[in-house]
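Student: Keeping their order, the protein sequence lines are chains H and W.
Here our numbering is used: the first residue of the first sequence is 48, the next is one more, and so on.
Here our numbering is used: the first residue of the second sequence is 15, the next is one more, and so on.
Quick reminder that beta carbons are idealized off the backbone N, C-alpha and C, glycines included.
Since we're looking at a predicted model, the values are computed, not measured.
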Amino acid sequence: MSQLHGEPYQPKSGFMKWMESRLPIMGLLYPTAVTFPTPRNLNYWWTFGGILMFCLSVQIITGIVLAMHYVPHVSMAFESVEGIMRDVNYGWLIRYVHSNGASMFFIAVYIHMFRGMYYGSYKEPREVLWILGVVLFLLMMATAFMGYVLPWGQMSFWGATVITSLFSAIPYFGDMITQLLWGGFAVDNPTLNRFYSLHYLLPFMIVGVVVLHIWALHVTGNNNPTGISVKSKQDTLPFHPFYTAKDGFALVLFILFFAIFVFYTPNILGDPVNYEKANSLVTPEHIVPEWYFLPFYAILRAIPDKLGGVIAMFASIGVLFILPWLDTSKVRSVSFRPLYRQFFWILVIACIGLGYLGAKPPEGAYVIWSRILTAYYFLHFLVILPVLGILEKPRLLPKSITESVLGNGDGDKAESKG
Amino acid sequence: MMKQVTHFRTLVRAGLIAIVSALVVLAAPGVGQAEESGESEALDWSFNGPFGTFDRAQLQRGYKVYREVCSACHSMEFVSFRNLSEEGGPGFTPEQVKVIASEFEIEDGPNDDGDMFMRPGLLSDRFPAPFPNVQIARLANGGAFPPDLSVLAKARVGGPDYIYALLMGYEEAPAGVELAIGMSYNTVFPNHQIAMPEPIFEDAVEYDDETEPTLENYARDVTAFMMWTAEPKLEARHRMGFKVVLFLLIFAGLLYATKRKVWAAVH
Ligand code: HEM
Numbered sequence: 048m049s050q051l052h053g054e055p056y057q058p059k060s061g062f063m064k065w066m067e068s069r070l071p072i073m074g075l076l077y078p079t080a081v082t083f084p085t086p087r088n089l090n091y092w093w094t095f096g097g098i099l100m101f102c103l104s105v106q107i108i109t110g111i112v113l114a115m116h117y118v119p120h121v122s123m124a125f126e127s128v129e130g131i132m133r134d135v136n137y138g139w140l141i142r143y144v145h146s147n148g149a150s151m152f153f154i155a156v157y158i159h160m161f162r163g164m165y166y167g168s169y170k171e172p173r174e175v176l177w178i179l180g181v182v183l184f185l186l187m188m189a190t191a192f193m194g195y196v197l198p199w200g201q202m203s204f205w206g207a208t209v210i211t212s213l214f215s216a217i218p219y220f221g222d223m224i225t226q227l228l229w230g231g232f233a234v235d236n237p238t239l240n241r242f243y244s245l246h247y248l249l250p251f252m253i254v255g256v257v258v259l260h261i262w263a264l265h266v267t268g269n270n271n272p273t274g275i276s277v278k279s280k281q282d283t284l285p286f287h288p289f290y291t292a293k294d295g296f297a298l299v300l301f302i303l304f305f306a307i308f309v310f311y312t313p314n315i316l317g318d319p320v321n322y323e324k325a326n327s328l329v330t331p332e333h334i335v336p337e338w339y340f341l342p343f344y345a346i347l348r349a350i351p352d353k354l355g356g357v358i359a360m361f362a363s364i365g366v367l368f369i370l371p372w373l374d375t376s377k378v379r380s381v382s383f384r385p386l387y388r389q390f391f392w393i394l395v396i397a398c399i400g401l402g403y404l405g406a407k408p409p410e411g412a413y414v415i416w417s418r419i420l421t422a423y424y425f426l427h428f429l430v431i432l433p434v435l436g437i438l439e440k441p442r443l444l445p446k447s448i449t450e451s452v453l454g455n456g457d458g459d460k461a462e463s464k465g
Numbered sequence: 015m016m017k018q019v020t021h022f023r024t025l026v027r028a029g030l031i032a033i034v035s036a037l038v039v040l041a042a043p044g045v046g047q048a049e050e051s052g053e054s055e056a057l058d059w060s061f062n063g064p065f066g067t068f069d070r071a072q073l074q075r076g077y078k079v080y081r082e083v084c085s086a087c088h089s090m091e092f093v094s095f096r097n098l099s100e101e102g103g104p105g106f107t108p109e110q111v112k113v114i115a116s117e118f119e120i121e122d123g124p125n126d127d128g129d130m131f132m133r134p135g136l137l138s139d140r141f142p143a144p145f146p147n148v149q150i151a152r153l154a155n156g157g158a159f160p161p162d163l164s165v166l167a168k169a170r171v172g173g174p175d176y177i178y179a180l181l182m183g184y185e186e187a188p189a190g191v192e193l194a195i196g197m198s199y200n201t202v203f204p205n206h207q208i209a210m211p212e213p214i215f216e217d218a219v220e221y222d223d224e225t226e227p228t229l230e231n232y233a234r235d236v237t238a239f240m241m242w243t244a245e246p247k248l249e250a251r252h253r254m255g256f257k258v259v260l261f262l263l264i265f266a267g268l269l270y271a272t273k274r275k276v277w278a279a280v281h
């Protein structure tokens, strides 16, 4: 199958005709971004892809401005960030947008991923599209982790120490890897320098993978709330103006949510301890990563063995790569899978529970619950999903998207409202 | 088969309820913990809320408390004298700040002869630190380092509420509590033993306005001052936030109307 295309571009002005016969860039963009055929029943959960592109742009733009004032040296990093907050014109705004922007990025990506799981968007023929998404998620985590080290506060330093030390658990290569990450024998100036360099690089790698992600999307086309494939032209609408209008409205609501954090509680998502300068002699009472890493942190600490914990943590993301093959059901959308719907929500609750436990000290009941939920997390993907696809009796599918929109199908009517 | 499925559903629901209630129960000891380590009471600060601003007179009094008491031990390395007359701050006039700065002797140099020399402070100078280095600061404070106060109001859980509670939290050690040498008993400090001796007492600082020279007022005023040094752009942030939120609300309304119109044709 080649690219899905909308109506082709017809150059109107003389200049554009001249241009198109030399560099047909509009010919490429127009059918993929303007007239692209999009299922007519996408709900608001489908607006998060656009929102994620917005988040990435915001991080890159604010990041480049921050980089003009930031000094990547252990004796100046904290000071230069305070300089940005105090002496750079609107520096406080740029920094708060960047630091809260990272959280907004993760809120959006988690919604986007759970949307995919809810509607079975990872299934045939969208496996590669999904896998590219998991790659993006990994790159985002690496970027955010290294960015958090840059202000060189107490949690920057100790978070970096704890996470980089994990690699020492890897047999044989462990010490080599940690020394390579540190640029020495502990987190210090060389670590800060290489993290800064990579923190600047990775977002652009994300841009590259986003291009592949969108490319893959434009081959298979969007999934939709019914999960049934587009069958005729009647099932789709051109991307513009229908989805530009819908995405635009949703984006502004998202920016509103974002703005409330930036202007009214800019530090609520961060750890106060990071306003204390890094000190290798004083260990904070609780070393806690940023909220978006907490479920994985809980999985890490649930396993009593260091190497085992590291493996479990990476495996928790690893299972997402093979998710398209773990789910054996032929039906995509939860709307027609009564049992999967329940398990989906249990998984969501288990993940939130893990997030809660990740912020708690690893003792007593917290550890026991982390173990139960970690076990459940893997059980969901490795046992429940494969078995469910075989046992579950899906509901009757509507004949087409159009039929489900017009109301005589069995689709999720409420969800398919425009 | 159908019957089985319903059973299965009930089971799943029960499991779900169990998980939720377990988490709720789990949360309970967490709350208890917070109380034990001295969760500070939320106070009604002038800078709270989306329209909050600093109280200029309070910041001026707070500066005086810092200057006359706290600055003997604590630096404020990120604050310059010029900040004292900047918008959204204590609102001293530039003339007043020149006088304030000139009361300090600042080391400068080297001059053309290669010597360091002392001169009166200028607007562009940072607040001078009380100790030349961490080691001397520790020696003078029984081994403990008095932390820099510039951003401390943001560096503690509870923020200004915690700082206020800390300053008000000195008490006679309860029977049975053995204090280490040089330590004082404080109700909100972690472990209750703090190396900072009770820093202020009633009548320690003479206020220039009619405010009562009580411990409560000192603690409140110096805490508000510390909040300003930690977040000097708070007022500008609140003002801009209001405009941005208002704009976005209107813009969202317009976009919603546009979206409805565009989609009307295909619904
Ligand atoms: C994927 C996109 C990005 C994410 C998720 C991200 C995340 C973060 C995070 C979490 C911080 C710590 C913020 C704080 O606590 O103050 C940070 C800091 C920083 N980032 Fe990024 N960032 C991204 C892109 C960029 C880009 C593209 C640049 C530069 C071109 C950049 C430059 C910086 C600089 C200079 C800092 C240190 C200043 C500060 O801490 O505020 N970032 N980033």
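Using the three-state DSSP reduction, which class does M188(H) fall into: helix, strand or coil?
Tutor: In the structure shown, M188(H) sits in a helix (DSSP, three-state: H, G or I).
Student: With 9 angstroms as the C-beta to C-beta threshold (strictly closer), list the residues of the segment 224 to 238 of chain H near chain W in chain order.
Tutor: Cβ contacts with chain W come from no residue of the segment 224 to 238 of chain H.
Student: Chain W partners of W139(H), CB-CB under 7 angstroms?
Tutor: Within chain W, the residues near W139(H) are K247 and R251.
Student: According to DSSP, R140(W) sits in a beta bridge with which residue or residues?
Tutor: S94(W).
Student: Identify which residue in I141(H), P336(H) and D282(H) has its Cα closest to the Cα of R87(H).
Tutor: If we check each option's Cα against that of R87(H), D282(H) comes out closest.
Student: Since E323(H) meets chain B, which of its residues come closer than 7 angstroms, beta carbon to beta carbon?
Tutor: Absent from the structure: chain B. Protein chains present are H and W.
Student: Is the number of C-beta pairs between the segment 177 to 195 of chain W and the segment 227 to 247 of chain W that are closer than 8 angstroms three or more?
Tutor: Judged by Cβ distances under 8 angstroms, the segment 177 to 195 of chain W makes contact with the segment 227 to 247 of chain W, as three or more pairs qualify.
Student: Along the chain, where does the alpha helix (DSSP H) that runs through E186(W) open and close?
Tutor: That residue, E186(W), is in no alpha helix (DSSP H); it is neither H nor E in DSSP.
Student: Residues in the same chain with beta-carbon distance under 7 angstroms from M197(W), minus the five sequence neighbours each way, listed in chain order, please.
Tutor: Q207, I208 and A209, listed in sequence order.
Student: Can you round the beta-carbon distance between V276(W) and F289(H) to whole angstroms, since I take them to be within the 8 angstroms contact cut?
Tutor: Right, their Cβ atoms sit about 6 angstroms apart.
Student: Give every residue of the same chain whose Cβ lies closer than 6 angstroms to the Cβ of G105(W), excluding the five residues on either side of it in the sequence, and list them in chain order.
Tutor: So the list reads R70, once near-sequence residues are dropped.
Student: Considering just the uninterrupted stretch of the beta strand (DSSP E) at M132(W), what are its terminal residues?
Tutor: Note, M132(W): beta strand (DSSP E), F131 to P134.
Student: The beta strand (DSSP E) that contains I120(W), what's its start and end?
Tutor: E119 to D122 is the extent of the beta strand (DSSP E) around I120(W).
Student: Could you tell me the alpha carbon to alpha carbon distance between G102(W) and L328(H), rounded to whole angstroms?
Tutor: In a straight line, the C-alpha of G102(W) is about 36 angstroms away from that of L328(H).
Student: Please work out which residues of its chain come closer than 8 angstroms, Cβ to Cβ, to V118(H), disregarding the five sequence neighbours upstream and downstream, and give them in chain order.
Tutor: Around V118(H): A124, E126 and S127.
Student: Going straight from the alpha carbon of T243(W) to that of N147(H), what length do you get?
Tutor: Their Cα atoms are separated by approximately 21 angstroms.
Student: Tell me whether T225(W) sits in a helix, a strand or coil according to DSSP, three-state version.
Tutor: Coil.
Student: So A266(W) contacts chain H; which residues on that side make the cut at Cβ distance below 7 angstroms?
Tutor: Simply F296, V299, L300 and L303.
Student: Taking 8 angstroms as the CB-CB cut-off, is V258(W) touching chain H?
Tutor: Taking Cβ atoms only, chain H reaches closer than 8 angstroms to V258(W), which makes this a yes.
Student: Please list the partners that P319(H) has in chain W, where partner means a Cβ-to-Cβ separation under 8 angstroms.
Tutor: Result: K168, A169, R170, V171 and G173.
Student: Closer than 9 angstroms by beta-carbon distance: list the chain H residues that pair up with T237(W), in chain order.
Tutor: Going along chain H, no residue has its Cβ under 9 angstroms from T237(W), so there is no contact; the nearest lies around 15 angstroms.
Student: Taking 8 angstroms as the threshold (C-beta atoms), are F296(H) and Y270(W) in contact?
Tutor: For Y270(W) and F296(H), yes; Cβs fall inside 8 angstroms.
Student: Report the three-state DSSP secondary structure of T273(H) (helix, strand or coil).
Tutor: If DSSP states are grouped into helix, strand and coil, T273(H) belongs with coil.
Student: Apart from the five residues on each side of it in sequence, which residues of its chain come closer than 8 angstroms, Cβ to Cβ, to D217(W)?
Tutor: Within the same chain, D217(W) has close Cβ partners P227.
Student: So L262(W) contacts chain H; which residues on that side make the cut at Cβ distance below 8 angstroms?
Tutor: By Cβ distance, chain H contributes V299, I302, L303 and A306.
Student: So is V111(W) in contact with chain H if we call contact Cβ pairs under 8 angstroms?
Tutor: With 8 angstroms as the cut-off, V111(W) does not count as an interface residue toward chain H.
Student: What separation, rounded to the nearest whole angstrom, lies between the Cα atoms of Y344(H) and I396(H)?
Tutor: Their backbone Cα atoms lie some 16 angstroms apart in a straight line.
Student: Using a 10 Å radius around the Cβ and a threshold of 16 neighbouring Cβ atoms, would you call K464(H) buried or exposed?
Tutor: Below a pLDDT of 50, predicted positions are generally treated as unreliable, and K464(H), at 38, falls in that range; no measurement from the model is reported.
Student: Which word fits E337(H), buried or exposed, when buried means at least 16 other C-beta atoms lie within 10 angstroms of its C-beta?
Tutor: Under this definition E337(H) is a buried residue.
Student: Could you give the distance in angstroms between the alpha-carbon of P408(H) and the alpha-carbon of I108(H)?
Tutor: Cα-Cα distance, rounded: 37 angstroms.
Student: With H, G and I counted as helix, E and B as strand and the rest as coil, what does DSSP make of N88(H)?
Tutor: N88(H): coil per DSSP, three-state reduction.
Student: With L239(H) as the anchor, note down where its alpha helix (DSSP H) starts and where it stops.
Tutor: Residues N236 to T267.
Student: Given this structure, state the Cα-to-Cα distance separating G135(W) from F118(W), to the nearest angstrom.
Tutor: So the two alpha carbons sit approximately 5 angstroms from each other.
Student: Terminal residues of the continuous alpha helix (DSSP H) containing L303(H)?
Tutor: Counting along the chain, the alpha helix (DSSP H) containing L303(H) begins and ends at F286 to Y311.
Student: Since N200(W) sits in a beta bridge, which residues does DSSP pair it with?
Tutor: DSSP, once it has assigned bridges, lists Y184(W) as partnering N200(W).
Student: Which one of R348(H), S376(H) and L103(H) has the shortest CA to CA distance from W416(H)?
Tutor: Residue R348(H) is the option with its Cα nearest to W416(H).
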